[in-house]
Amino acid sequence: MLVVGSTIVAALMAVTMIFVRMRAAKKPASVKKIILPPVFMSTGALMFLFQPFRVEWLQVVEAFTLGVFFSIFLIKTSKFEIKDQDIYLIPSKAFVFILFGLLIVRIVLKLIIGNGISLGETSGMFFLLAFGMILSWRIAMLLQYKRLEKQLAHSNH
Numbered sequence: 006m007l008v009v010g011s012t013i014v015a016a017l018m019a020v021t022m023i024f025v026r027m028r029a030a031k032k033p034a035s036v037k038k039i040i041l042p043p044v045f046m047s048t049g050a051l052m053f054l055f056q057p058f059r060v061e062w063l064q065v066v067e068a069f070t071l072g073v074f075f076s077i078f079l080i081k082t083s084k085f086e087i088k089d090q091d092i093y094l095i096p097s098k099a100f101v102f103i104l105f106g107l108l109i110v111r112i113v114l115k116l117i118i119g120n121g122i123s124l125g126e127t128s129g130m131f132f133l134l135a136f137g138m139i140l141s142w143r144i145a146m147l148l149q150y151k152r153l154e155k156q157l158a159h160s161n162h
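Following this line, the structure appears as structure tokens:
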């Protein structure tokens with residue numbers, strides 16, 4: 006029952022992300038809009054204050070590294086462009102497929118490791134995976150944004 010519930014929540018989060026990303030593409034990007042999602046998400050690390058969510062250091066490294074690996078797909082599809090002296094995120098059609106592909110991978114991983122690891126530890130590992138993914142993706146976006154910002158500043162002089 007918990008697997009079904011958490012899968013439904015994950016699917017709703019994926020759909021929400023798609024709508025948020027489509028709306029964000031209509032407004033200029035900013036450093037604040039790029040940095041804030043991982044900052045807000047980092048508060049989830051407070052779960053590790055409670056024993057059921059704690060994981061071994063090897064599991065931390067594994068989950069975070071897997072998240073960084075998965076972020077490659079998001080990094081490859083996140084591009085910016087300069088329009089009317091502003092920088093915009095270009096919406097990618099592949100983003101939807103990547104997000105749902107990652108959701109399917111998440112479900113499969115949960116089914117595989119869910120039998121050998123407690124629900125709390127699984128939750129902690131998936132948080133670390135998601136955080137590794139969003140943090141590395143947003144760092145790549147920030148670097149890309151800053152390059153275009155410099156390019157825009159040079160073209161205005």
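Numbering (our numbering), first residue to last: 6 to 162.
Even glycine gets a Cβ: it sits at the ideal position worked out from N, Cα and C.
Small disclaimer: the values here were computed from a predicted structure and weren't measured.
- Every beta strand (DSSP E) of 3 residues or more that sits fully in the region 62-149 is shown, in chain order, as 84-88 and 91-95.
- Around residue 123, the same chain offers 57 as residues with beta carbons nearer than 8 angstroms, after the five sequence neighbours per side are excluded.
- About 11 angstroms separates the Cβ atoms of residue 147 and residue 80, ruling out a contact at the 8 angstroms cut-off.
- By the criterion of a C-beta distance shorter than 8 angstroms, residue 52 is surrounded in its chain by 58, 128, 129 and 132, once the five residues flanking it on both sides are discounted.
- In the three-state scheme derived from DSSP, where H, G and I count as helix and E and B as strand, residue 159 is classed as helix.
- Look at residue 59 here: in three-state DSSP terms it is coil, with no helix or strand label.
- By the criterion of at least three beta-carbon pairs nearer than 8 angstroms, the region 35-50 is not in contact with the region 104-119.
- In this structure, the straight-line span from the alpha carbon of residue 62 to that of residue 159 is close to 45 angstroms.
- A straight-line Cα-Cα distance of about 8 angstroms links residue 154 and residue 92.
- Between residue 19 and residue 134, the C-beta spacing is not below 8 angstroms.
- Nearest neighbour of residue 82 by Cα position, chosen from 10, 22, 70 and 99, turns out to be 99.
- With at least 16 other beta carbons inside 10 angstroms of its own, residue 139 counts as buried.
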